[in-house]
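Encoded as structure tokens, the structure appears first; notes follow it.
Protein chains: 2
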Amino acid sequence: MDFRTWMKVTQDNCEEALSEFIPQSDIAPRRLHEAMRYAALDGGKRVRPLLVFAAGQLFNAPDELLRRAAVAVEMIHAYSLVHDDMPCMDDDALRRGKPTVHVKYDEATALLVGDALQSQAFIVLSEGNGDALTKLAMVRLLAQASGSVGMCGGQAIDLASVGLALSRDQLEQMHRLKTGALLRASVLLGAMSGKTLTATEVAALNVYSAAIGLAFQVVDDILDATADSATLGKTAGKDAADNKPTYVSLLGLTASKELATQLCNDAHQALVPFGTQAHYLHDLADLIVQRQA
Amino acid sequence: MDFRTWMKVTQDNCEEALSEFIPQSDIAPRRLHEAMRYAALDGGKRVRPLLVFAAGQLFNAPDELLRRAAVAVEMIHAYSLVHDDMPCMDDDALRRGKPTVHVKYDEATALLVGDALQSQAFIVLSEGNGDALTKLAMVRLLAQASGSVGMCGGQAIDLASVGLALSRDQLEQMHRLKTGALLRASVLLGAMSGKTLTATEVAALNVYSAAIGLAFQVVDDILDATADSATLGKTAGKDAADNKPTYVSLLGLTASKELATQLCNDAHQALVPFGTQAHYLHDLADLIVQRQA
Chain A
1 MDFRTWMKVT
11 QDNCEEALSE
21 FIPQSDIAPR
31 RLHEAMRYAA
41 LDGGKRVRPL
51 LVFAAGQLFN
61 APDELLRRAA
71 VAVEMIHAYS
81 LVHDDMPCMD
91 DDALRRGKPT
101 VHVKYDEATA
111 LLVGDALQSQ
121 AFIVLSEGNG
131 DALTKLAMVR
141 LLAQASGSVG
151 MCGGQAIDLA
161 SVGLALSRDQ
171 LEQMHRLKTG
181 ALLRASVLLG
191 AMSGKTLTAT
201 EVAALNVYSA
211 AIGLAFQVVD
221 DILDATADSA
231 TLGKTAGKDA
241 ADNKPTYVSL
251 LGLTASKELA
261 TQLCNDAHQA
271 LVPFGTQAHY
281 LHDLADLIVQ
291 RQA
Chain B
1001 MDFRTWMKVT
1011 QDNCEEALSE
1021 FIPQSDIAPR
1031 RLHEAMRYAA
1041 LDGGKRVRPL
1051 LVFAAGQLFN
1061 APDELLRRAA
1071 VAVEMIHAYS
1081 LVHDDMPCMD
1091 DDALRRGKPT
1101 VHVKYDEATA
1111 LLVGDALQSQ
1121 AFIVLSEGNG
1131 DALTKLAMVR
1141 LLAQASGSVG
1151 MCGGQAIDLA
1161 SVGLALSRDQ
1171 LEQMHRLKTG
1181 ALLRASVLLG
1191 AMSGKTLTAT
1201 EVAALNVYSA
1211 AIGLAFQVVD
1221 DILDATADSA
1231 TLGKTAGKDA
1241 ADNKPTYVSL
1251 LGLTASKELA
1261 TQLCNDAHQA
1271 LVPFGTQAHY
1281 LHDLADLIVQ
1291 RQA
């Protein structure tokens, strides 16, 4: 299957799985379930699910486990967006071209939607078929990537860094946690759905993940500085307006673009040991760097 | 060991385990870890951990697994208090006799503390020794009890019910989710740490859990109406001030006290099949009904 077709099929599969694994809006409490579905369904590029499925391809992982892993990681991502957008955090009104959850509903509901989506991720990952040892390792990995030394920790560093002149190392460390941890988890969850990974395999996938994770952020910063809100589906120019450190403010636009290209090459290199089975991961690195939104 | 001694030993054990399982405040991001420790340590009656250990006693469960289960469930409880106290929810300034997390730190930190404590619960439960199938089932149970058809769902119903005249059934359903689900999870997590439970054992423990869960809430309502803030360590009379439905407002004080006593008897009855091994669970039912704060 060519990359574009695979991507569409996988995104549709993920959307269907998300709809299946978030309680329907006619189940009580209805408003909460409706808001959870509003937050997670019908939007987003599904980069993390794509990484799960692409990495699953490396070792012919079973589809059911990949679906659960993809949905779980996307629920964590969706919950983090809902909480990030709240007034006490980034105070953003627009997300994926729609009003954010606290604008559409209210702040208390947004808080609960995020909380319940996090729980739901662990429900989805711990239910269903599959080897218990593998699934427990997947729960552990996702929880670590989400928590205080993962995504939440990155958010905390981000909060503390507003208005500060971060060094490039500090900026990288912040993003390694804030977005990198969950992207890495996506890749590893996909791969470990297929087999127990060797240390060498984990090391190679870590290099790939670190490169695309950083590239993702560099491109985000480039787009925030150059694209308009309509294209992004969220408020553009927000980082600069909030006086947040970005790669563009640190390195300039040209050097940021060069860095993104270099990171894409690093990601491709890390995949060489996996041969042709890694072609979707290869193409996803290109996609992350070339995306326009 | 007599009940009071056992309780003190178990509370100390739990405090020590919480301190061990929440990253130290010299680990980055320091402020987040300091705030997580502030939220979870040095306070609270530790009712849920006590239930975990008391239920573990039924089947001689190994101490390490009980410690992890107790800490995990207490982290979920602690996170829910941090988020509940936030301005967009109950807007409370006092908890366990100390300023709430958003007052002591700030709202964004409180949001992240809650989020990270939830992740940490699943880290703790999925790490360490023990049978993978059992541990995966424990993760599943805790996630279900925490999510949209558990604790978060109860919060959502609570939010939606402010100012409404709830029937007794509706009030019970709300509390069954809001506090009952996590109390039930505590009992089952403790018991399943010792052995794979039969349907009969689960059914009996469900009856016990439902009775103490409801008793817990009835007593909460009685205390909110009768005790002062200094004794409670949180703002008293808040439910009435917020126009929230309570058992006292629905049944009156005398009938509420009778209901609490009846529920305590129901809980004791449910334990009969477990014989003398259930004595800590028996005494905990008494404690829940007789507590003054």
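From first to last, the protein sequence lines stand for chains A and B.
Numbers 1 to 293, taken from the numbering used here, label the letters of the first sequence in order.
Numbers 1001 to 1293, taken from the numbering used here, label the letters of the second sequence in order.
For every residue, glycine included, the Cβ atom is placed at its ideal position computed from N, Cα and C.
Quantities reported herein were computed from a predicted structural model and do not represent experimental measurements.
Taking Cβ to Cβ, would you say Ala1072 (chain B) is nearer than 7 Å to Leu1142 (chain B)?
-> yes
Identity of the residue in B:Pro1087, B:Gln1120, B:Ala1278 nearest Ala1070 (chain B) by Cα = B:Gln1120
Going by the beta-carbon positions, is the gap between Val1113 (chain B) and Leu1125 (chain B) smaller than 7 Å?
-> no
Leu1081 (chain B): contacting residues in chain A (beta-carbon distance under 8 Å) = For Leu1081 (chain B), none of the residues of chain A pass the 8 Å Cβ criterion, the least Cβ distance being about 12 Å.
Interface positions of the stretch 1184-1199 of chain B facing chain A (Cβ-Cβ less than 8 Å), listed along the chain | none
Mind checking Gly252 (chain A): buried by the 16 CB within 10 Å criterion, or exposed?
-> exposed
What does DSSP give as the partner residues of Arg95 (chain A) in its beta bridges?
-> DSSP output for Arg95 (chain A) lists A:Lys98 as bridge partner(s).
Please list, in chain order, all residues of the same chain as Ile27 (chain A) whose beta carbon is under 6 Å from its beta carbon, the five residues on each side excluded.
-> His33
Buried or exposed: Ser1080 (chain B), going by 16 or more other Cβ atoms within 10 Å of its Cβ?
-> buried
Would you tell me roughly how many angstroms separate the C-alpha atoms of Ala1132 (chain B) and Leu166 (chain A), rounded to the nearest one?
-> 43 Å
Assuming Ala39 (chain A) and Leu94 (chain A) make a contact with CB atoms under 8 Å, what is their CB distance in whole Å?
-> That belief does not hold up - the Cβ atoms of Ala39 (chain A) and Leu94 (chain A) are roughly 14 Å apart, past 8 Å.
What span of residues does the alpha helix (DSSP H) with Glu1034 (chain B) cover, start to end?
-> 1030-1040
Please classify Asp1224 (chain B): is it buried, with 16 or more other beta-carbons within 10 angstroms of its beta-carbon, or exposed?
-> buried
C-alpha distance - Ser1065 (chain B) paired with Gly1153 (chain B), whole-angstrom precision = Contrary to the premise, residue 1065 (chain B) reads as Leu rather than Ser in this sequence. Each residue's alpha carbon lies about 28 Å from the other.
Cβ of Leu133 (chain A) within 7 Å of any chain B Cβ | Closer than 7 Å: yes.
Rounded C-beta distance between Met86 (chain A) and Ala110 (chain A)? I'm assuming under 8 Å.
-> Right, their Cβ atoms sit about 6 Å apart.
Which residue from A:Ala108, A:Val9, A:Phe122, A:Ser148 puts its Cα closest to that of Asp1158 (chain B)?
-> For the residues A:Ala108, A:Val9, A:Phe122, A:Ser148, the minimum Cα distance to Asp1158 (chain B) belongs to A:Ala108.
So which residues of chain B does Arg31 (chain A) contact, with C-beta pairs closer than 8 Å?
-> Per Cβ cutoff of 8 Å: Ala1156, Ala1160.
Comparing the C-beta of Pro23 (chain A) with each C-beta of chain B, is any distance below 7 Å?
-> yes
So what's Ala1070 (chain B) in DSSP terms, helix, strand or just coil?
-> helix
In chain order, each alpha helix (DSSP H) run of at least 4 residues that lies wholly inside the stretch 159-219 of chain A = 168-175, 181-192
List, in order along the chain, the chain A residues whose C-beta lies closer than 9 Å to that of Gly1163 (chain B)?
-> Per Cβ cutoff of 9 Å: no residues; Gly1163 (chain B) is ~14 Å from chain A at best.
Can you pull the chain B residues whose beta carbon is under 8 Å from the beta carbon of Leu111 (chain A), in chain order?
-> His1083, Met1086, Cys1088, Met1089, Leu1111
Unbroken alpha helix (DSSP H) run spanning Cys1014 (chain B), endpoints | 1003-1021
Beta carbon proximity, Ala54 (chain A) to chain B, threshold 7 Å | no
Integer-rounded CB distance, given that Met1151 (chain B) should sit under 8 Å from Ala1181 (chain B) = In this structure Ala1181 (chain B) touches Met1151 (chain B) by the C-beta definition: roughly 5 Å separates them, less than 8 Å.
Local conformation of Cys1088 (chain B) per DSSP, three classes = coil
Contact belief for Ala1185 (chain B) with Asp1266 (chain B) at Cβ below 8 Å, rounded distance in angstroms | That belief does not hold up - the Cβ atoms of Ala1185 (chain B) and Asp1266 (chain B) are roughly 19 Å apart, past 8 Å.
On the three-state DSSP scale, how would you describe Ala1278 (chain B)?
-> helix
Is the Cβ of Gln262 (chain A) closer than 7 Å to any Cβ of chain B?
-> no
For the candidate residues B:Leu1171, B:Pro1099, B:Pro1049, whose alpha-carbon lies nearest to that of Glu1016 (chain B)?
-> B:Pro1049
How big is the Cα-Cα spacing for Thr1100 (chain B) and Gln1290 (chain B)?
-> 26 Å
Ala1278 (chain B) and Val1218 (chain B) closer than 7 Å at C-beta = no
Could you check where the alpha helix (DSSP H) with Glu1127 (chain B) kicks off and where it finishes?
-> Neither: Glu1127 (chain B) is in no alpha helix (DSSP H) and is coded neither H nor E.
Does the Cβ of Met1001 (chain B) have 16 or more other Cβ atoms within 10 Å, making it buried, or fewer, making it exposed?
-> Counting Cβ neighbours within 10 Å, Met1001 (chain B) comes out exposed, since fewer than 16 surround it.
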